[in-house]
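In the numbering used here, the protein residues as written are 47 to 221. Beta carbons are placed, not taken as given, at the ideal position from N, Cα and C, and that holds for glycine. Working notes, structure below.
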Amino acid sequence: MGSAGMDIGKVRVAVIGSGAGGLVVCHRLTSPPSATMSVTVFEQTDRIGGTWVYDERTQNECGISIHSSMYKSLRTNLPKESMHFLDFPFATTGQSFISHKEVLEYLDNYCDHFDLRKSIRLKTQVNYVEPVTRNGKLAWKVVVEDLEQKTETVNEFDAIAVCNGTGIVPWKCNA
47 MGSAGMDIGK VRVAVIGSGA GGLVVCHRLT SPPSATMSVT VFEQTDRIGG TWVYDERTQN
107 ECGISIHSSM YKSLRTNLPK ESMHFLDFPF ATTGQSFISH KEVLEYLDNY CDHFDLRKSI
167 RLKTQVNYVE PVTRNGKLAW KVVVEDLEQK TETVNEFDAI AVCNGTGIVP WKCNA
């Protein structure tokens with residue numbers, strides 16, 4: 047088994063995805079720093095931000111398809127004053143309806159402010175998740191692939207948070 051999140055005596059949590067949801071889960075599980083919690087965030091792209099990352103390509107350098115509803119001139123349809131995290135407000139200056147670049151910058155700042163990057167494994171795709179029983183307790187087998195090294199690792203976690211968003215796989219109506 048791999049060593050991701052494998053700290054002896056700690057509850058090992060895998061978080062799949064480093065968009066807004068994955069970052070919040072990571073922050074809540076690691077703040078304040080816990081002697082009993084070990085969190086590993088798996089992100090298949092080369093940066094945090096999820097849906098807020100604008101990319102014109104349809105495939106990234108690792109061969110992963112890019113499915114996004116993001117477009118170059120997108121602005122939020124909610125004022126920033128109502129979409130910030132409670133413990134990390136947006137700057138009080140500037141427009142209320144901000145660009146996707148500003149949201150992404152906010153997520154980067156959030157990640158840095160709470161020192162979350164140390165828990166994030168970029169360019170790491172989760173290929174398989176399966177419940178297993180170890181010593182009478184539920185655990186999770188998580189198979190990940192390092193997209194740069196092209197190596198696969200099997201890890202075991204006590205809990206999983208799936209934060210890969212609702213639009214990760216495009217849905218097509220067959221009607």
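Practice problem: Mind checking which residues open and close the beta strand (DSSP E) that includes A66? | Solution: Run containing A66: none in the beta strand (DSSP E); it sits in the alpha helix (DSSP H), 66-76.
Quiz item: From A205 to T179, what does the alpha carbon distance come to, in whole angstroms?
Solution: 12 Å
Exercise. Per DSSP, which residues does Q171 bridge with? Please list them.
Key: E191
Exercise. Provide the residue span of the alpha helix (DSSP H) that contains S128, from first to last.
Key: 126-129
Practice problem: Would you tell me roughly how many angstroms separate the C-alpha atoms of K126 and G182, rounded to the nearest one? | Solution: 46 Å
Quiz item: Around the C-beta of K164, are 16 or more other C-beta atoms found within 10 angstroms, so that it is buried, or is it exposed?
Solution: exposed
Exercise. Just mark S64 as buried or exposed, buried being the case when its beta carbon has 16 or more other beta carbons within 10 Å.
Key: buried
Quiz prompt | For E89 and N201, the rounded distance between their alpha carbons | solution = 15 Å
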